[in-house]
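> Handing you this structure, nothing more for now.
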Amino acid sequence: MASSIALSPSTVPGQNQLLRSSFHGSALPPSAISLTSNKQIHHVSKTCLKITAKFDLKPPPYPLDALEPHMSRSTLEYHWGKHHRAYVDNLNRQIEGTELDELSLEDIILKTYNKGDLLPQFNNAAQIWNHDFLWESIKPGGGGKPTGELLELIERDFDSFEKFLEEFKSAAATQFGSGWAWLAYKDNTIGHPRPSEKDRKLVILKSPNAVNPLVWDYAPILTIDVWEHAYYLDFQNRRPDYISTFISNLISWEAADLRLQKAKVEAAEKAKEKEKKKTEDSDTDSSSSESDSDSE
Ligand SMILES: [Fe+2]
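Taking full-length UniProt numbering as reference, the numbering of the sequence shown is continuous, increasing by one, and the terminal residue is 296.
Next comes the structure, spelled out in structure tokens:
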């Protein structure tokens, strides 16, 4: 049993470009082009060599029957093999030749998100991201309880692990129709005039259809898919049974912990950037006011 997992590029905002490649320049011999086997060339112009690779259907990090008896091979065959695949195929078709063609998955999600009238490209891009994230949120022999800082934060922000479970279950059960429930991390100290440790917190969210917390600037830590296609073959319409099984037997708390650590590092970097910009801006302001007074 793995004690930790390697998070995919899809869990690293801004790095999903690794799933794709692009090259612009004068013609190179084919031997100079190195693409891994899961990338496909889909556009080569005559005047300028331009190669972009399509998004790939990334497999779960375990065999399709590895989650049995809690999630059947048939569910994975349909959920990953058909539904997830369709999102990838649709998006590749929809972005070909458009301005979205060379963007990372995260950038497509953020660029196409518009309240109330979500574009098909948003839905497919977000569903690819959500499913890549889902497969790594679970593992064979999962469930149990987190440890260390993740557990401490859960206990601080939800009073107890049991209360967190109650709230997470309730969010997943009450999401009307298709959607997702999430545990996410939000750093509200960035730009706050009086930042405090309490402003860095874990929250539970639910989202309809393909929407995910990236569009609200939250860092997702864990998710459960509550579209019917996620559980119907194994549980028919018994969504609460699926949610309980998912929590007790499938969640990978190691993956959640790695994501929390990553979210904290990214938030610290963002805060540092912001501070640096503020200092630069105030330096510029003071030097321009000095030169104004010199010229008077
Ligand atoms: Fe799904």
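Each residue gets a CB set at the ideal place from its N, CA and C atoms; glycine is no exception.
Computed from a prediction, not measured in an experiment: that's the story for all the values here.
1. Report yes if the CB atom of residue 179 is closer than 9 Å to the CB atom of residue 220, and no otherwise.
2. Taking 8 Å as the cut-off, does the region 250-260 touch the region 217-236 (at least 3 CB pairs, one atom from each stretch)?
3. Find the nearest neighbour of residue 247 within the set 103, 171 and 112, judged by alpha-carbon distance.
4. Is residue 148 helix, strand or coil by DSSP?
5. Relative to the C-alpha of residue 143, which residue among 70, 278, 265 and 236 is closest?
6. Counting only the same chain and skipping the five closest in sequence on each side, list residues whose C-beta sits under 6 Å from that of residue 153.
7. Quick check: what's the CA-CA separation for residue 249 versus residue 283?
8. Could you spell out the range, first to last residue, of the beta strand (DSSP E) harbouring residue 186?
9. Run through DSSP, which three-state label would residue 225 get?
10. So which of 212, 268 and 241 has the shortest CA-CA distance to residue 113?
11. Just how far apart, CA to CA, sit residue 299 and residue 138?
12. At the level of alpha carbons, what is the spacing between residue 157 and residue 216?
13. Taking the beta carbon of residue 279 as the centre, do at least 16 other beta carbons fall within 10 Å, making it buried, or is it exposed?
14. Quick one: what does DSSP say residue 250 is sitting in, helix, strand or coil?
15. Could you give the residue range of the beta strand (DSSP E) that holds residue 208?
16. Quick check on the DSSP output: the alpha helix (DSSP H) that includes residue 110 runs from which residue to which?
17. Could you check what DSSP says for residue 220 in three-state terms: helix, strand or coil?
18. Look at the alpha carbon of residue 39 and the alpha carbon of residue 58, and state the distance between them as a whole number of angstroms.
19. How many Å lie between residue 277 and residue 231 at the Cα?
20. Below 8 Å, is the gap between the Cβ of residue 227 and the nearest heavy atom of ligand 1?
21. Enumerate in chain order the residues of its own chain whose CB-to-CB distance from residue 175 is below 8 Å, with the five nearest sequence positions on each side excluded.
22. Going by other Cβ atoms of all chains shown within 10 Å of its Cβ, with 16 needed for buried, is residue 168 buried or exposed?
With the structure as the only source:
1. Taking the sequence shown and counting its residues from 1, one reaches residue 179 at position 179. Taking the sequence shown and counting its residues from 1, one reaches residue 220 at position 220. Taking 9 Å as the Cβ cut-off, residue 179 and residue 220 do not qualify as a contacting pair.
2. yes
3. Translated into the one-based positions of the sequence shown, residue 247 becomes position 247. With distances taken between Cα atoms, residue 247 lies closest to 171.
4. Position 148 of the sequence shown, counted from the first residue, corresponds to residue 148. Three-state result, residue 148: helix.
5. Working through the sequence shown from its first residue, we reach residue 143 at position 143. Considering only alpha carbons, the answer is 70.
6. In the sequence shown, counting from the first residue as 1, residue 153 sits at position 153. 202, listed in sequence order.
7. In the sequence shown, residue 249 corresponds to position 249, counting from 1. In the sequence shown, residue 283 corresponds to position 283, counting from 1. About 55 Å.
8. If you number the sequence shown from 1, residue 186 lands on position 186. First-last of the beta strand (DSSP E) with residue 186: 179-187.
9. As a position in the sequence shown, residue 225 is number 225, starting the count at 1. Strand, per DSSP.
10. The residue you call residue 113 lines up with position 113 of the sequence shown. Cα-wise, what sits closest to residue 113 is 212.
11. Because the chain in this structure spans residues 1 to 296, residue 299 falls outside the shown range and cannot be described.
12. Translated into positions along the sequence shown, residue 157 becomes position 157. Translated into positions along the sequence shown, residue 216 becomes position 216. Rounded to the nearest angstrom, the two C-alpha atoms are 19 Å apart.
13. Within the sequence shown, numbered from 1, the residue matching residue 279 stands at position 279. It counts as exposed.
14. For this step, residue 250 is matched to residue 250 along the sequence shown. Here residue 250 sits in coil by DSSP.
15. As a working note, residue 208 is residue 208 in the sequence shown. Run containing residue 208: 200-208, per the beta strand (DSSP E) assignment.
16. Here residue 110 refers to the residue found at position 110 of the sequence shown. Note, residue 110: alpha helix (DSSP H), 105-112.
17. Indexing the sequence shown from 1 puts residue 220 at position 220. DSSP places residue 220 in strand when its eight states are reduced to three.
18. Looking up residue 39 in the sequence shown gives position 39. Looking up residue 58 in the sequence shown gives position 58. Bear in mind that the predicted position of residue 39 carries a pLDDT of just 34, short of 50, making it too unreliable to give a figure here.
19. Taking the first residue of the sequence shown as 1, we reach residue 277 at position 277. Taking the first residue of the sequence shown as 1, we reach residue 231 at position 231. Distance between the alpha carbons of residue 277 and residue 231 is about 48 Å.
20. By 1-based counting over the sequence shown, the position of residue 227 is 227. It does: the Cβ of residue 227 is within 8 Å (strictly closer) of some heavy atom of ligand 1.
21. Position 175 of the sequence shown, counting from 1, holds the residue named residue 175. Correct list, in chain order: 181, 206, 207, 208 and 226.
22. The residue given as residue 168 occupies position 168 in the sequence shown. Result: buried.
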